[in-house]
Amino acid sequence: MFEWVDKHKRWIQIILLILIVPSFAFFGINYYFQEYGSSGAVAKVAGSKISPQEFEQALRKRQEDLRKMMEGKVDQAMLDSNEVRNSVINGLVDQRALLAHAMHAGITVTDDQLHKHITQIPDFADTGTGKFSEERYKQLLRASDYGNPVVFEAERRRMLLMSQVRDTVADSAMVSMAVVDRLGRIREQQREVSQWLLTPDQVRSKVNITDDDVKKYYEAHKDEFRIPERARVEYIVLNLDTVAKGIEISAPEVTDWYEKHQDQYGKPEERRASHILITVAKDAKPEDKAAAKAKAQALLDEVRRSPKSFADVAKKNSQDPGSAASGGDLGFFGRGAMVKPFDDALFAMKVGDIEGPVETQYGFHVIRLDAIKPGEKTPLDKVRSEIEQELRKAKAGKAFVEAADTLQNTVYEQSDSLKPAADALKLVIQTSDWITRDGGGLPLLSKPEILGKIFSEDVIKNGRNTSAVEVAPNTIVAARVLEHRAADVLPFEEVRKDVQQQLFVERATKLVEEEGKAALAKLKGGDDKAVTWSPTVLVSLQKPSGLQPEAAREVFSADPTALPAYVGMPVSNGRYVIYRVGKVIDPPALGDDQRKALARQLAQIAAQQQFDAYLQTIRAGAGVEIDPAKVERKAQ
5 MFEWVDKHKR WIQIILLILI VPSFAFFGIN YYFQEYGSSG AVAKVAGSKI SPQEFEQALR
65 KRQEDLRKMM EGKVDQAMLD SNEVRNSVIN GLVDQRALLA HAMHAGITVT DDQLHKHITQ
125 IPDFADTGTG KFSEERYKQL LRASDYGNPV VFEAERRRML LMSQVRDTVA DSAMVSMAVV
185 DRLGRIREQQ REVSQWLLTP DQVRSKVNIT DDDVKKYYEA HKDEFRIPER ARVEYIVLNL
245 DTVAKGIEIS APEVTDWYEK HQDQYGKPEE RRASHILITV AKDAKPEDKA AAKAKAQALL
305 DEVRRSPKSF ADVAKKNSQD PGSAASGGDL GFFGRGAMVK PFDDALFAMK VGDIEGPVET
365 QYGFHVIRLD AIKPGEKTPL DKVRSEIEQE LRKAKAGKAF VEAADTLQNT VYEQSDSLKP
425 AADALKLVIQ TSDWITRDGG GLPLLSKPEI LGKIFSEDVI KNGRNTSAVE VAPNTIVAAR
485 VLEHRAADVL PFEEVRKDVQ QQLFVERATK LVEEEGKAAL AKLKGGDDKA VTWSPTVLVS
545 LQKPSGLQPE AAREVFSADP TALPAYVGMP VSNGRYVIYR VGKVIDPPAL GDDQRKALAR
605 QLAQIAAQQQ FDAYLQTIRA GAGVEIDPAK VERKAQ
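In terms of the numbering used here, the sequence shown has 341 at position 337, counting the first letter as 1, and numbering is strictly consecutive.
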C-alpha cells in the first residue's frame, strides 16, 4: 500500500525536516580496536587505527556482496573503483567512531545478551530438534571465513553494541499525526496535467554555426577528442577450477577420508537429562558453599529414595530459572554442550541413574539421565561425491601452486611468446579488444596490477610477456601486447561532423531553455495563445503516469489555489518542458489503519535521518584521519 514511501524517501525526508524540526568468549574494547601488522594505518579514529588488512578484508566482502547482488554481471573495474573503496573506508570509520562513543558512554553487551542472540540464530539450530547446537555452530564457523567462534562472537558483540546505540537514538524519533495526514493527502492527491515540449530541432533554424566556429570549438576542446593510450593483448588464464578438472580421486582415497573424518559424516550420541541446581555465588563464603552442597546432597538423597518425585522436587527447589518450571528437563544435547564437570558426570551414567552433587561454576547439580539417543552414521554412498569434491579441492590447491610456479617461470624464461606456457599447462591463448590503462570490457584485464604490467615499458618496447599476476583469488593472468597505440588527439577533419553536432547541441540547448523560460513567464501572465497543449492526464505521486521524479516534484509544487498553474524545467537531450496543472482532486481522509501504517513508515525514515545526524556528530568529534593514498587506486 505504501510503496510510494520507498520511491520518494528523499523528497519525504526534506518535507520531514521542514515539518518536524521547531557463556561465550568475551572481548573488550581492546579487541574491537585491535591493530594488525606494522604497516601504516589507512585511517585513524578516536585514537585507534584501521589497518590495511582490515580495510582490504572489508573491501573484498563489499565486492563479493555486489557480485551476488548483481548476479555476477558486474564490471571488475567498477568493483574496485574509488567510489566503492571510499564507501568501504567511510563505513569502517563510522563503525569505529560509534563503537568508541558507545564504550565511552558505558554501553556494554553482556555475555548473556550475546549468548541469547547467537543461540537464536536459525542456522545454528539442530535440524532434528530445532534447538541451538553447539557442534553445528562450531562446524559452520570452521567452514566459514570466520574460522572459529572467537572472531564471530567479537563481531556479533560489536553489532549488538551498535544496535543498542542506534535503537536508543531511533526510539526518540517522533512524527506527528498532522504530518502523517498532510503527507497522506499529498500521496493520494491527483492533478490534471498537460504539457508543452520545446526541442532543439524546433530552434534549428535560429542556430547559425560557421566553419570558423567549428574550428575554434575544436581547438578549445581538444581534450574531448583525445584517444587514450591503448593496446590489444593476448593472454592466458590459470585458475583453480581449471586445475581441479584434471584431478582424479580414487575409491580408496574416498574410503580412507571417510573413516578418518567420522565426526563430519555422522550424528554423535545425544543424551537427555534433568537436573536440580542449587546456585553458589562466585564470591561465596566457605560456610555458604558448604550449606549449598549439603542442601544438594539432601535433595539427592530424597530423589534417590523416590525417583518418581524428581520433577516435583526440581520444580520446588531448583534454582535454574530455565528448567525448574519443566521439572528440571534439559532436553537432548551432545557431548560438550554443557560445562565439563556436568558433561563428564552425565556421559558416565546409565539411563535412570541419579548422581550428585556435581560442582560447576554455577553451583551444585543433582543430575538424572533420562534417555540416550545413539549416534548415527551417514552411509558412504550418500557423501561420496561430497568427499570427492573435498579431496579434489585439497589436491587442486597444491596442484595450483605448482602450476602457478610453472606459469611464472615459463613466461619469464621464454618471454617472447605465451605459447610455451599455454602448452605446458594446457591453457587457451585468448585475444582482447582494445584496452586502456583504465581497463577494458574484460574483468580479468581491468585490475590495476595486470594493467600496470601490460602498459610497462619493458612489455611494450621489448615485446616481452608480462609476469604472471594474481587478479582474483586463485586466478592468475599473464599477457603479451600484440598492438600498442600512444595517446593522441583525433584529427579535425576526422571529427568535424561530431564537433559541429556538439556545438549545435550546446547552442540549441541554451536557446531552448531561454525560449522555454520566456514562454513560461507569458503563461503565468495569462497569455497561452501560442501554446498547443498535449492531452491531459491525471497524475499522482503513486501513479505519476510517465512523469520523471523531478517532474512530479515540480508538478506537485505548483500552487493548487491558483489554477491553471504552470511550472517548467529543462529535461534530457536539450529539451524544455512546461506543465499545466488544470485541476486538483483531493482524496478522502485516510482510514485509521492507513494512518497508523503510514506513521510507522515515516517514523522509520525520521529515525534513520536522526541517527545519520547523530552519527555525523560523533564522527566529527572522533578526530578522523583518512589517508587517501592507501584507499584510492593510483592513476595509471
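Using N, Cα and C, we set each Cβ at its ideal position, and we do this for glycine too.
Residues near F459 in its chain [Cβ-Cβ closer than 6 Å; skip 5 each side]: These residues qualify, in order along the chain: R441.
To the nearest angstrom, how far is it from the Cα of K547 to the Cα of K587? Inter-residue distance for K547 and K587 is about 16 Å (C-alpha atoms, whole angstroms).
Straight-line gap, S85 to R637 (C-alpha atoms, nearest Å): 7 Å
Give the DSSP-derived three-state secondary structure of L103 in the structure shown. helix
Classify G572 as helix, strand or coil using the three-state DSSP reduction. strand
Alpha carbon to alpha carbon, how far is E417 from N469? Their Cα atoms are separated by approximately 10 Å.
Taking contact to mean at least 3 C-beta pairs separated by less than 8 Å, is the segment 405 to 420 in contact with the segment 480 to 491? yes
How long is the line joining the alpha carbons of V49 and Q620, rounded to whole angstroms? 13 Å
So, does the segment 356 to 370 touch the segment 416 to 434, judging by three or more C-beta pairs under 8 Å? no
Opening and closing residue of the beta strand (DSSP E) in which A47 lies: 47 to 49
Got a sec? Which residues, its chain only, sit under 6 Å from P592 by beta carbon, not counting five neighbours each side? none
Using DSSP bridges, identify the partner residues of R646. With the chain represented from 5 up to 640, any question about residue 646 goes unanswered, as that position is not in the structure.
K402 lies in the alpha helix (DSSP H); which residues open and close that run? 384 to 417
Tell whether a beta-carbon distance below 8 Å holds between A626 and V211. A distance of 8 Å or more separates the beta carbons of A626 and V211.
Name the residue from R500, A555, E390 whose alpha carbon lies nearest to the alpha carbon of E257. E390
Per DSSP, which residues does D492 bridge with? Please list them. Paired residue(s): I231.
Have a look at E274 and K377 and give me their C-alpha separation to the nearest angstrom. One Cα belongs to E274, the other to K377, and the distance between them is close to 5 Å.
Note down, in chain order, each residue of its chain lying with its Cβ closer than 7 Å to the Cβ of G463, except the 5 sequence neighbours on either side. Gly is not the amino acid found at residue 463; the sequence shown has Val there. Taken in chain order, the residues that qualify are K457, T470, V485.
Do R146 and N152 have their C-beta atoms closer together than 8 Å? It is a contact, given that the beta carbons lie within the stated cut-off.
Own chain partners of R623 with C-beta closer than 6 Å, once the 5 adjacent residues on each side are dropped: A101
Going by the CB atoms, is the gap between R599 and V317 shorter than 8 Å? In this structure, R599 does not lie closer than 8 Å to V317 by Cβ.
Tell me the residue span of the alpha helix (DSSP H) that contains S148. Careful: S148 lies outside any alpha helix (DSSP H) and carries neither H nor E.
Taking C-alpha atoms, which residue in A62, A295, V179 lies nearest to Q605? V179
In this structure, how does DSSP classify E629 when only helix, strand and coil are distinguished? strand
Can you tell me where the alpha helix (DSSP H) holding Y222 begins and where it ends? 215 to 224
Counting C-beta neighbours from all protein chains within 10 Å, is the total for M166 16 or more, i.e. buried, or is it exposed? M166 should be labelled buried.
Give every residue of the same chain whose Cβ lies closer than 6 Å to the Cβ of E629, excluding the five residues on either side of it in the sequence, and list them in chain order. K48
Given that a residue counts as buried once 16 or more other Cβ atoms are within 10 Å of its Cβ, and exposed if not, what is N466? exposed
From D502 to M82, what does the alpha carbon distance come to, in whole angstroms? 29 Å
Considering only their Cβ atoms, is the gap separating Q323 from I282 smaller than 8 Å? yes
Three-way DSSP call (helix, strand, coil) for I280 in this model: strand
Proximal residues to V387 (C-beta, below 6 Å), its chain only, five neighbours per side dropped: Y269
Burial state of G360, where buried means 16 or more other Cβ atoms lie within 10 Å: buried
Classify A633: buried if its beta carbon has 16 or more other beta carbons within 10 angstroms, exposed otherwise. exposed
Suppose you measure from the CA of I251 to the CA of I122; what does that come to, to the nearest Å? 40 Å
Identified DSSP bridge partners for Y239: In the DSSP output, where bridge partners are listed per residue, Y239 has Q434, A483.
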